[in-house]
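Colleague: Residue numbers (the working numbering): 574 to 901.
Think of the CB as a built atom: it goes at the ideal place given N, C-alpha and C, for glycine as much as any other residue.
1) Between the alpha carbons of residue 625 and residue 876, how many angstroms are there, rounded?
2) What is the rounded straight-line gap between the Cα of residue 667 and the Cα of residue 705?
3) Which two residues bound the contiguous beta strand (DSSP E) that contains residue 855?
4) Where does residue 831 sit, in a helix, a strand or coil, going by DSSP?
5) Go ahead and label residue 652 buried or exposed: buried means 16 or more other beta carbons lie within 10 angstroms of its beta carbon, across all protein chains shown.
6) Is residue 686 near residue 657, with beta carbons less than 8 Å apart?
7) CB-CB under 8 Å to residue 802, same chain, minus the five flanking residues each way: which ones, in chain order?
8) Let me make sure I understand the geometry here. Which of 671, 692, 830 has the alpha-carbon closest to that of residue 655?
9) For a test of the three-state rule: what should DSSP assign to residue 694, helix, strand or coil?
10) With DSSP run on the structure shown, which of helix, strand or coil describes residue 814?
11) So the candidates are 676, 688, 587; which of them puts its Cα closest to the Cα of residue 742?
12) Does the beta-carbon distance from residue 836 to residue 758 come in below 8 Å?
13) Per DSSP, what are the beta-bridge partners of residue 876 in this structure?
14) So, with DSSP's three-state summary, where would you put residue 893?
15) What runs of the alpha helix (DSSP H), each 4 residues or longer, lie entirely inside the region 743-798?
16) Output the distance between the C-alpha atoms of residue 519 and residue 679, rounded to the nearest integer angstrom.
17) Could you tell me which residues DSSP puts in a beta bridge with residue 658?
18) Quick one: what's residue 916 bridged to in DSSP?
19) Could you tell me the boundaries of the alpha helix (DSSP H) in which residue 622 lies?
20) Give the straight-line distance between the Cα atoms of residue 593 and residue 811, rounded to the nearest whole angstrom.
21) According to DSSP, is residue 725 part of a helix, a strand, or is it coil?
22) Beta carbon of residue 847, beta carbon of residue 773: below 8 Å?
23) What is the DSSP secondary structure of residue 611, counted as helix, strand or coil?
24) Assuming residue 843 and residue 734 form a contact by the criterion Cβ under 8 Å, report the distance between their Cβ atoms to the nearest whole angstrom.
25) Evaluate contact between the region 777-786 and the region 747-762, counting only Cβ atoms and requiring at least three cross-stretch pairs below 8 Å.
26) Would a C-beta distance cut-off of 8 Å place residue 572 and residue 713 closer than the cut-off?
27) Which first and last residues belong to the beta strand (DSSP E) in which residue 640 is found?
28) Residue range of the alpha helix (DSSP H) that residue 599 falls in?
29) Buried or exposed: where does residue 818 fall if 16 or more other Cβ atoms within 10 Å of its Cβ makes it buried?
30) For residue 579, write down the residues that DSSP places opposite it in a beta bridge.
31) Skipping 5 residues on each side, what residues in its chain have a beta carbon closer than 6 Å to that of residue 826?
32) Pop quiz: residue 576 and residue 611 are said to be a contact at Cβ under 8 Å. What is the actual Cβ separation, rounded to whole angstroms?
33) DSSP three-state call for residue 676: helix, strand or coil?
34) For residue 638, which residues in the same chain have their Cβ closer than 6 Å to its Cβ, ignoring the five residues on either side in sequence?
And the structure:
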């Protein structure tokens, strides 16, 4: 899977200022040459044209995160903006001379759009104190955020994990309150929290008996996701083939030998901590196999394919059920 592709934006100075801290942070982060991400940057103009740049760009690019940065004269902490409202009400002129009062950004549209980033991912310890805000203002920052979120939602744009494209607006305080180096640390922490997911290659065996029933297993209390049902299997080792790894995993988990018959299907699932690429293979128990023994499961069942949905499944395995049933 490719590197995460991030669009990081800031704004030019406005309101007769010669400096905008968001432009400074974007420039400094660009200079870091972060190898783990493909970061594209843009400095937006503070006017209607600038507010549309990202919304008009993203339908044609494969981004994994849109992170807008802007300066707030009222902020003393870093503000993570949870929504954008369909309102523009300017107390000062933008850089094109606009000074709109109590107007809609887009006529005949929603009153607001909610950030497509799960704000809860930021509840862990952060390098800098921050505030979750529901008020991005009614100037060009909010206008930009609204247009970007509208495009994401209207076009159903997805990231590489097939989730709605994450987009967040962050309002930055003056460096009087938080020095620039600490603000950079915070932005990098946000990047990592949103896009830096470990990718795990997993294999599963769809083991059938002579009656066409499928073997399913319930995870024991010592395993991640205890009590969930799954098709037995596990993680591939580095450079390990699918068949080789699957036979090893089944022997380790259930102490049985299997014959792999054919590919069943491949699914992907994004958990909070990691991304799973799951390959399933149809199989049967080898006639000379040792007796089945539980090692990491509480129980196993032979289930009819039409009854598989009655169990409490591990999420990635749920996606396999329809594939299995359609092959019946």
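Modeller: The answer reads as follows:
1) 54 Å
2) 26 Å
3) Counting along the chain, the beta strand (DSSP E) containing residue 855 begins and ends at 847-858.
4) The answer is strand: DSSP assigns residue 831 an E or B state.
5) buried
6) In this structure, residue 657 lies closer than 8 Å to residue 686 by Cβ.
7) Hits under 8 Å: 789, 790, 791, 792, 884, 885, 886, 887, 890.
8) 692
9) In this structure, residue 694 counts as helix in the three-state DSSP scheme.
10) coil
11) 688
12) no
13) 787.
14) helix
15) Residue ranges of uninterrupted alpha helix (DSSP H) with 4 or more members, entirely inside the region 743-798 and ordered along the chain, are 753-768.
16) Residue 519 is absent from the structure shown; the chain starts at 574 and stops at 901.
17) 685
18) For residue 916 there is no data in the structure shown, the boundaries of the chain being 574 and 901.
19) 621-630
20) 46 Å
21) helix
22) yes
23) Taken through DSSP and simplified to helix, strand or coil, residue 611 comes out as strand.
24) 4 Å
25) Touching, no.
26) What the structure shows of the chain is the stretch from 574 to 901, and residue 572 is not part of that stretch, so it cannot be assessed.
27) Residues 638-644.
28) 594-604
29) buried
30) 612, 638
31) Result list for residue 826: 805, 868, 869, in chain order.
32) 5 Å
33) strand
34) 579, 739, 767, 768
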